[in-house]
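In the UniProt record's numbering, the protein residues as written are 1 to 153.
Here is the structure we will look at, set down as structure tokens.
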Amino acid sequence: MKLVSPGEAAANTNDMSDKAGEDLVRIGEMAKKYGVTLRTLRFYEDKGLLNPQRDGSTRLYTRRDKARLKLILLGRKVGFSLRDVKQMMDLYDPTGSNTKQLRLALDKSEKQLARLQKQRALIDDAINELSNSMAAVRQMLSERSAPQASVAG
């Protein structure tokens, strides 16, 4: 089985593709495209988040794997646990309305948004405290350096 880049696959009708006619991408290309490490992709596979096809020991990622990785990365970016991400993705049914999945995603998203807003408030408070402390230290430094400059001069 010959591995080819996505560009070559589009140009050659005899290139490797899965049963749905999708281009398959090797692990290195997948990692580079999405800015993750090979270890990360293997870890997601071990956790059941990705399920690449195999050609011997070579991992081959489909369009479905790419979509799932995008969702994983989005979920991680907004603070979802991998367990939450997996739970939401596993409810997907390509033949159904996915109402249960959408409700779960909305519920988890509302809870996560509340957590993030609380964290933002705490961070804003910390920034204000630090800014005030820095202003006080600057004031003390300016008071202490002014008399020394006049005495030395």
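Where a beta carbon is used, it is the ideal one built from N, C-alpha and C, also for glycine.
Remember, predicted model here, so these are calculated numbers, not experimental data.
Starting from the C-beta of residue i, find all residues in its chain whose C-beta is less than 6 Å away, skip the five residues before and the five after it, and write them out in chain order.
i    : result
Q101 : L91, Y92
L74  : none
V85  : I72, G75
E143 : none
E110 : none
Near residue i, what residues of its chain come up, given a Cβ to Cβ distance below 7 Å and the 5 sequence neighbours on each side ignored?
i   : result
L82 : K47, L49
Within its chain, find whatever has a CB closer than 8 Å to the CB of residue i; leave out the 5 residues flanking it on each side and keep chain order.
i   : result
N98 : L91, Y92
G21 : Note that G21 scores 49 on pLDDT, short of 50, meaning its location in the model is unreliable and no value can be drawn from it.
Determine, using beta carbons only, whether residue i and residue j come nearer to each other than 7 Å.
i    : j   : result
A114 : M88 : no
Q117 : G79 : no
Can you look up residue i in the DSSP assignment and give me helix, strand or coil?
i    : result
Y44  : helix
L122 : helix
Y34  : helix
E91  : For the record, residue 91 in the displayed sequence is Leu; it is not Glu. The answer is coil: DSSP assigns L91 none of H, G, I, E or B.
L60  : strand
V137 : helix
V85  : helix
message = Using 8 Å as the cut-off, can you tell me whether the region 27-44 makes contact with the region 57-68, which would need three or more C-beta pairs spanning the two stretches below that distance?
response = yes
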